[in-house]
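Be aware that the sequence shown starts at 1, since it is given in UniProt numbering, and climbs by one per residue. For each residue, glycine too, the CB sits at the ideal point set by N, CA and C. Quick notes on the structure that follows.
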Amino acid sequence: MDLDAYVRALPKAELHVHIEGTLEPELMFALARRNGVALPYASVEETRAAYDFSDLQSFLDLYYAGAAALVDEQDFFDLAAAYFERAHADGVVHAELFFDPQTHTERGVAFETVLDGLERACRDARARFGISSRLILCFLRHLSEAEGFATLEQAMPHLARIHGVGLDSSERGHPPAKFERLFARCRELGLHAVAHAGEEGPPAYIVEALDVLQVERIDHGVRCEEDAALVERLAREQVPLTVCPLSNVKLCVFERLEQHNFRRLMEAGLKLTINSDDPAYFGGYVAKNYVDTARALELTRAELARIARNSLEASFVSDAERAPWL
Ligand code: HPA
Ligand code: ZN
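So this is what it looks like as structure tokens:
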């Protein structure tokens, strides 16, 4: 069996994917036309050609511009339905989707429009493919604590449909501690908590996410390597890291995949997973992230199977739900 087929056949969970980051230019243009929304580029080809990023912010500027094409409930359904089709082809049995309500409510799209469309796609994926899923509401860290609390207020009537909260957007200059009270309130409400940390930000942000926000997983976390004591802690506590190798190269965290620290972190005993982050922008869905990383870093099939298993163990499903996959 070739490597690609082997990877696709591994049952896996995707734990770090921004649903807005799965918006392929073709669908972006179709939705923009349907909704009469102007996009910054004239064509699908021009849009793809612009996906040449120098850092996180240069990507986020395009990512937020593209998200403007999403207006109606059906748009959010179409977006997530397209993701689930690709995820199924990649052997994903469970997906925990990040969504950024503030990106949409700021433009006048109702919180419910976003949630209803995504949730309908989650139910549809369960029925069509047997994929289970969860929704994780991400707060935009470049916005204020007060704006975060206002978003939580909008989410309150729907907490049964939201499984956890996360923290994304521009990392530098927006440390996790800025959201200490918001995350404390979310945890009180019984929500799971994760945060992006140590993608572009320093290792201290990872420590803050763990100690101040009390998150259960770290999204990215690759800069932990600059702090030996932190690496040792992450290994000892088996804190899952949701690593996104193709994203890290596209956003210049590492110059080339061959230089990624994934293998070193794995050998240090960390509980690592492989994910796609924003696959429509970064050049590959989850299986391609596994395959390209394996080729670049000479990961064995046994190591890939361990990584897929880590993703199932690190997911927020119950042990009963997880059992058939392990
Ligand atoms: N980092 C931070 N925020 C994001 C990302 C990311 O990789 N993708 C979408 N929002
Ligand atoms: Zn991310």
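A distance criterion of 7 Å places the beta-carbon of E171 in contact range of the ligand HPA, judged by its closest non-hydrogen atom.
Taken through DSSP and simplified to helix, strand or coil, H142 comes out as coil.
With contacts defined by Cβ atoms closer than 8 Å, P176 and L213 form a contacting pair. Residue burial annotation: P101 is buried, with at least 16 other C-beta atoms found within 10 angstroms of its C-beta. Counting along the chain, the unbroken alpha helix (DSSP H) around A81 starts and ends at E73 to A89.
The beta carbons of L23 and L97 sit no closer together than 8 Å. Excluding five sequence positions before and after E255, the CB atoms of its chain that fall closer than 8 Å to its own CB belong to V249, given in chain order. DSSP places L241 in no alpha helix (DSSP H) but in the uninterrupted beta strand (DSSP E) bounded by P240 to V243. Assignment of L31 by DSSP, reduced to helix, strand and coil, places it in the helix class.
In the three-state scheme derived from DSSP, where H, G and I count as helix and E and B as strand, L270 is classed as coil. For the pair T242 and T293, the CB atoms are not nearer than the 8 Å cut-off. Counted as a single uninterrupted DSSP element, the beta strand (DSSP E) harbouring I218 occupies residues R217 to H220. In this structure G21 is in contact with A280, their Cβ atoms being roughly 6 Å apart against a cut-off of 8 Å. Boundaries of the beta strand (DSSP E) harbouring V93: V92 to F99, taken from the DSSP string.
Assignment of R128 by DSSP, reduced to helix, strand and coil, places it in the helix class.
According to the DSSP assignment, G164 belongs to the beta strand (DSSP E) that extends over G164 to D168. Those residues whose C-beta sits under 6 Å from the nearest heavy atom of the ligand ZN are, from N- to C-terminal order along the chain, H16, H18, D168, H196, D219 and D277.
Comparing alpha carbon positions, the residue from Q57, N310, E298 and V215 closest to V253 is Q57.
Classified as exposed, G173 has fewer than 16 neighbouring CB atoms from the shown chains inside 10 Å of its CB.
Taking 7 Å as the cut-off, one finds at least one heavy atom of the ligand HPA near enough to the beta carbon of L56.
For E46, the uninterrupted alpha helix (DSSP H) run begins and ends at V44 to A49, by DSSP. Annotation: the continuous alpha helix (DSSP H) that includes K288 extends over V286 to L297. Using a cutoff of 7 Å, the CB of G221 does not count as near the ligand HPA, since none of the ligand's heavy atoms is closer than that. Closest in alpha carbon position to D227, among L251, G201, S311 and A287, is G201. Nearest to E216 by alpha-carbon distance, out of A314, G269 and E298, is A314. In the displayed model, A67 falls within a helix according to three-state DSSP.
By the neighbour-count definition (other C-beta atoms within 10 Å, threshold 16), L140 is a buried residue. In the DSSP annotation of this structure, the continuous segment of the alpha helix (DSSP H) that includes L3 starts and ends at L3 to A9.
Relative to the ligand HPA, E106 has its C-beta separated by 7 Å or more from all heavy atoms. Distances from the CA of F53 to each of D278, G164 and L159 were compared; the closest alpha carbon is that of D278.
Exclusion of the five residues before and after A268 leaves V231 and A235 as the residues of its chain whose Cβ lies within less than 6 Å of its Cβ. For H158, the three-state secondary structure derived from DSSP is helix.
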